[in-house]
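Each remark here refers to the structure printed beneath this line.
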Amino acid sequence: MATAPELTISGVAVYDVEPAVLPNLYHGAPIRVYGRYKAGGKAQIAVKADVRGIPFRQAAEIEFPDHDDDNPEIERMWALKRVSRLLKDADRAGNRAEVTPAIIGLGEAYSIVTEYTSFLVLENDAEYQRWKIARRNLDRTGRDRAAQQKRDEFLAALRQRAAADLGPQAVAADPSPAAAPTPGHGPGASPSNPGASSPAPATRPGNGVDFDFGTGPVGPLFVALAAWMSRRRKRSQE
Numbered sequence: 063m064a065t066a067p068e069l070t071i072s073g074v075a076v077y078d079v080e081p082a083v084l085p086n087l088y089h090g091a092p093i094r095v096y097g098r099y100k101a102g103g104k105a106q107i108a109v110k111a112d113v114r115g116i117p118f119r120q121a122a123e124i125e126f127p128d129h130d131d132d133n134p135e136i137e138r139m140w141a142l143k144r145v146s147r148l149l150k151d152a153d154r155a156g157n158r159a160e161v162t163p164a165i166i167g168l169g170e171a172y173s174i175v176t177e178y179t180s181f182l183v184l185e186n187d188a189e190y191q192r193w194k195i196a197r198r199n200l201d202r203t204g205r206d207r208a209a210q211q212k213r214d215e216f217l218a219a220l221r222q223r224a225a226a227d228l229g230p231q232a233v234a235a236d237p238s239p240a241a242a243p244t245p246g247h248g249p250g251a252s253p254s255n256p257g258a259s260s261p262a263p264a265t266r267p268g269n270g271v272d273f274d275f276g277t278g279p280v281g282p283l284f285v286a287l288a289a290w291m292s293r294r295r296k297r298s299q300e
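Just so we're aligned: 140 in the working numbering is position 78 of the sequence shown, and the numbers increase by one with no gaps anywhere.
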């Protein structure tokens, strides 16, 4: 277990970080940190904690993009965490009146459901005009669909590359020897027919790979990491 973990970011102006105080880190339980930054650039990130009483520190340099539409769902993850913290702080103080406008603003801006906001779906544009409802999230919907299509194309290409890497040679490389026929021990063998052999063993199917990335928040996050690693490899090869 790592106690009193701390995360510091320098080189890029980061704000509204959630959670503000990191919890203890247990084996196999990740800590996810969400935040906002004003402009892109290279940032130095350092993590330190006490691991069984021994100080631990690790640092890395990460490029923050000026603009990135590949993973719009991360914005809503941050907004949900922000709303959750505002509600908890308000409940401790016994007064939600001060945070209610902020929660409504987050719900409307990031298309998330809260205790004070909900989704409204109408059949067509005429209905929105009839009820004088502004379609504030129309651009966000288009951006989400474009990102989903790009992600689907990336995963399809990833599956194709994996299948091509396996190919027929995966079966040829199987180290297990084929079973040789044994004279006189098959169902067709008899004392008068000692040369009869047992039937040939069934052909073993080749090994396959099944990529299952899930449909919850874990899936988009894994895809974001994979996409970032792919871009980084391309940059290193150029």
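Built from N, CA and C at the ideal position, the CB exists for glycine as well.
For residue j and residue i, believed in contact at Cβ under 8 angstroms, the rounded distance
i, j, result
"residue 324", "residue 74", "Since the first residue of the chain shown is 63 and the last is 300, residue 324 is not available in this structure."
"residue 138", "residue 173", "7 angstroms"
"residue 78", "residue 158", "About 20 angstroms separates the two Cβ atoms, so there is no contact after all."
"residue 68", "residue 111", "7 angstroms"
"residue 179", "residue 189", "Not really, about 19 angstroms apart at Cβ, beyond 8 angstroms."
"residue 196", "residue 168", "Rounded, the Cβ-Cβ distance is 17 angstroms, inconsistent with contact."
Alpha helix (DSSP H) segment containing residue i, residue limits
i, result
"residue 176", "Note, residue 176: premise wrong, no alpha helix (DSSP H); not H, not E."
"residue 145", "135-155"
"residue 131", "No alpha helix (DSSP H) contains residue 131, which DSSP labels as neither H nor E."
"residue 217", "200-228"
Residue range of the beta strand (DSSP E) that includes residue i
i, result
"residue 67", "64-72"
"residue 121", "116-126"
"residue 98", "96-99"
Cβ neighbours of residue i in the same chain (closer than 6 angstroms, five flanking residues each side left out)
i, result
"residue 161", "148, 152"
"residue 108", "70, 121"
"residue 76", "97, 99"
"residue 125", "104"
"residue 87", "64, 67, 93"
"residue 128", "102"
"residue 119", "110"
Bridge-paired residues (DSSP) for residue i
i, result
"residue 87", "64"
"residue 106", "72, 123"
"residue 111", "118"
"residue 185", "Beta-bridge pairing links residue 185 to no other residue."
"residue 172", "DSSP lists no partner for residue 172."
"residue 190", "In the DSSP output, where bridge partners are listed per residue, residue 190 has none listed."
"residue 80", "96"
7 angstroms Cβ shell around residue i - same chain, five flanking residues per side excluded
i, result
"residue 113", "64"
"residue 205", "131, 134"
"residue 209", "131, 132, 133, 134"
"residue 191", "none"
Beta-carbon proximity list for residue i, same chain, < 8 angstroms, skipping 5 on both sides
i, result
"residue 81", "95, 143, 147"
"residue 177", "149, 165"
C-beta neighbour in chain B for residue i, strict 9 angstroms
i, result
"residue 128", "Of the chains in the structure shown, none is chain B; there is only one protein chain."
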